[in-house]
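To convert, note that position 8 of the sequence shown is 7 in numbering that gives the first Met the number 0; the numbers rise steadily by one, no gaps.
Using N, Cα and C, we set each Cβ at its ideal position, and we do this for glycine too.
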Amino acid sequence: MKPKSAGDVFAKVFLVAFFAYAGCVLWYDLSHPEIWDRNPLHDPRIYLPIEAIVFPPLLFLLWRQSKQVRLLTERRKKLKEGYATLKHLSGDALLQRLKELHAESEAIDRLG
């Protein structure tokens, strides 16, 4: 298993911290309805419907992007394995397999 990069770790820590902070703010706002009319930034009647509209599509797009990255990673791994097996081929079989791998490489480049 490949070690996680610093960017991956930072992104995960940031997401956890962001949602923890957002949960605390929401808890505070729901616990103190007396400030709703004085401070519209702390009025959940305003921001909860907006969040309900924005977050589900955003989460879906993030999930789809992560799925796409996993698929491209798997295809690149298979392509690398395919190139490693070329040394066992010769003649027309080698040329045919090389053309197939080149076409797969171009397809991956178009997607990624």
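Buried/exposed call for residue i, threshold 16 Cβ in 10 Å
| i | result |
| --- | --- |
| D28 | buried |
CA-to-CA distance, residue j to residue i, given in whole angstroms
| i | j | result |
| --- | --- | --- |
| Y82 | D42 | 59 Å |
| L25 | P32 | 11 Å |
| F17 | E99 | 45 Å |
| L93 | H87 | 8 Å |
| G6 | V12 | 10 Å |
| A19 | P55 | 18 Å |
| L60 | L70 | 15 Å |
| K129 | I107 | As shown, the chain starts at 0 and ends at 111. That puts residue 129 outside it, with no answer to give. |
| L85 | P48 | 57 Å |
| E105 | K77 | 14 Å |
| K66 | A10 | 17 Å |
| Q64 | A21 | 24 Å |
Residues of its chain near residue i, where Cβ-Cβ distance is below 6 Å and the 5 sequence neighbours each way are ignored
| i | result |
| --- | --- |
| W35 | D42 |
Start-to-end residues for the alpha helix (DSSP H) that takes in residue i
| i | result |
| --- | --- |
| R63 | P43 to A83 |
| L110 | G90 to L110 |
| K11 | A5 to S30 |
Contacts around residue i, its chain only, beta-carbon distance under 7 Å, and the 5 residues preceding and following it disregarded
| i | result |
| --- | --- |
| D91 | none |
| L110 | L71 |
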